[in-house]
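In the working numbering, the protein residues as written are 1 to 127.
From the three backbone atoms N, C-alpha and C, an ideal C-beta is built for every residue, glycine too.
Following this line, the structure appears as structure tokens:
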């Protein structure tokens, strides 16, 4: 099981998703927990690495968790722990970094572009 944290931001029927180099599907900003790392600490580290976004523990709140197929590892499962910020993010000021190559609002009905575990998230929390 791959344990991940993710930043969830929704606008109307779209979610803010990122694309990593050499991958076709998009998923939430965030990433894998490191050994002994707490969920909030992992999210703070990941969004700093990927989006250059500085968050503090009091800036984020837990939404929920889902399990689903890991992408692009076909025989693995991933556990997504989702958080939202307590303030609106100014996405025009975000600078993508690390392995992120693209960030976009993706319509939740665009299943071809969305990673399987994110589709599970949509089914459980966004409908």
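Boundaries (first-last residue) of the alpha helix (DSSP H) holding residue i
i: residue 121; result: 116 to 121
Other residues of its chain near residue i: CB distance less than 7 Å, five sequence neighbours each side excluded
i: residue 99; result: 20 and 21
i: residue 116; result: 68, 69 and 71
i: residue 107; result: 13 and 14
Run of the beta strand (DSSP E) containing residue i, from where it starts to where it stops
i: residue 44; result: Not the beta strand (DSSP E): residue 44 falls in the alpha helix (DSSP H), residues 39 to 51.
i: residue 104; result: 100 to 107
i: residue 16; result: 14 to 20
i: residue 96; result: Counting along the chain, residue 96 falls outside any beta strand (DSSP E), and DSSP gives it neither H nor E.
i: residue 5; result: 2 to 7
i: residue 32; result: 30 to 32
Counterpart residues of residue i in DSSP-defined beta bridges
i: residue 85; result: 60
i: residue 69; result: 77
i: residue 11; result: 14
i: residue 27; result: 18
Among the options, the one whose alpha carbon lies nearest that of residue i
i: residue 110; options: 6, 26 and 4; result: 26
i: residue 86; options: 104, 119 and 10; result: 10
i: residue 105; options: 113, 49 and 14; result: 14
i: residue 102; options: 121, 40 and 23; result: 23
i: residue 31; options: 37, 46, 18 and 38; result: 46
i: residue 54; options: 44, 63 and 61; result: 44
i: residue 17; options: 125, 127, 123 and 114; result: 114
i: residue 1; options: 126, 88 and 81; result: 81
i: residue 48; options: 39, 29 and 66; result: 29
i: residue 60; options: 122, 89, 127 and 121; result: 89
Whole-angstrom C-beta distance between residue j and residue i, which should lie under 8 Å
i: residue 51; j: residue 42; result: Residue 51 to residue 42, Cβ: 14 Å. No contact.
Cβ shell of residue i (< 8 Å), same chain only, five flanking positions each side left out
i: residue 119; result: 68 and 111
i: residue 58; result: 86
Cutoff 6 Å; reference residue i; Cβ partners in own chain excluding five residues on either side
i: residue 95; result: 52
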